Amino acid sequence: MIPFDLSLYLVTDRDLSKGRPLEYIVAEAAKGGVTMVQLREKDCSSRDFYELGIRLKKLLKPQNIPLIINDRLDIALAVNADGLHIGQSDLPCEIARQFLGKNKILGLSVETIQQVEEANALDIDYIGISPVFATPTKTDTFTPFGLEGVKASCALSKHPAVAIGGINLENTAEIIAKGADGVAVVSAISSADSPMKAAASLKKLIVKK
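Per the numbering used here, residue 20 is the first one in the sequence shown, and the count goes up by one each step.
Here is the structure:
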């Protein structure tokens with residue numbers, strides 16, 4: 020298994036990057052201390068997604084920061100990414116694992132406490148608790164977990180857990196205190212004037228348990 024650290028997990032979004040290239044956002048965030056990067060693309064062609072994945076893999080590999088592909092198993096395999104992150108309506112975990120193999124990272128979004136419990140029986144490497152707070156980047160989700168939901172989920176899960184959804188400098192420390200292994204952020208880094216400084220500021224708030 021590829022070693023990974025969920026503590027500061029960047030999820031990309033070109034729409035929130037203020038017109039700056041994704042490679043710039045990711046490179047600056049890496050300088051600031053992000054520990055994982057998930058390439059999430061909902062609206063681009065398969066070719067563009069593939070080429071972007073190749074460029075980010077080349078950028079991140081020397082720093083040993085895992086590149087995770089969102090949803091698209093084919094793209095993850097094509098770029099030889101370090102892993103795949105899927106949601107509840109994507110490919111079944113067992114199929115994703117079968118194609119990825121045992122040595123790649125497989126993450127799963129969970130949107131209810133019941134899904135957290137169900138995930139304990141799955142061959143995955145971490146769960147993404149989503150969303151913690153209401154957020155404009157995720158409009159098709161269940162009721163937000165809130166801080167107490169994060170605490171309950173982390174206590175129940177046998178897998179490491181990263182929290183996502185409305186996370187910023189104001190609430191990161193509280194989320195870690197509730198038991199999360201890390202926070203996943205989108206706009207808190209991508210929309211910042213300095214993605215590097217934003218990542219570094221978040222990193223300071225994350226105290227490993």
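Just so you know, even glycine gets a beta-carbon here, dropped at the ideal spot from N, CA and C.
Just so we're clear, the structure is a prediction, and the values are computed from it rather than from any experiment.
Mark residue i as exposed unless 16 or more other C-beta atoms lie within 10 angstroms of its C-beta, in which case mark it buried.
| i | result |
| --- | --- |
| ARG91 | buried |
| ASP62 | exposed |
| ILE148 | buried |
| LYS228 | Interpretation of LYS228 is limited by its pLDDT of 46, a score under 50 that renders its predicted location unreliable; no figure is taken from the coordinates. |
| SER108 | exposed |
| THR162 | exposed |
| GLY51 | buried |
| GLY120 | exposed |
| ASP142 | exposed |
| PHE164 | buried |
Residue i: which of the options sits nearest, CA to CA?
| i | options | result |
| --- | --- | --- |
| GLY102 | TYR145, GLY52, LEU175 | TYR145 |
| ARG33 | ILE44, SER26, LEU27 | ILE44 |
| ILE55 | VAL129, GLY106, LEU79 | The identity of residue 55 in the sequence shown is Met, whereas the question assumes Ile. Out of VAL129, GLY106, LEU79, LEU79 has the C-alpha closest to the C-alpha of MET55. |
Opposite residue i in the DSSP bridges: which residues?
| i | result |
| --- | --- |
| GLY147 | SER128, VAL181 |
| ILE84 | Paired residues: none, contrary to the question. |
| ASN89 | HIS104 |
| GLN57 | VAL30, ILE87 |
| ASP201 | Contrary to the premise, residue 201 reads as Gly rather than Asp in this sequence. VAL181. |
Taking residue i and residue j to be in contact with their CB atoms under 8 Å, please state how far apart those CB atoms are, rounded to whole angstroms.
| i | j | result |
| --- | --- | --- |
| ALA21 | ILE124 | Looking at the sequence shown, residue 21 is not Ala but Ile. Confirmed, about 6 Å. |
| VAL181 | VAL202 | 7 Å |
| ARG59 | ASN89 | 4 Å |
| VAL53 | LEU29 | 5 Å |
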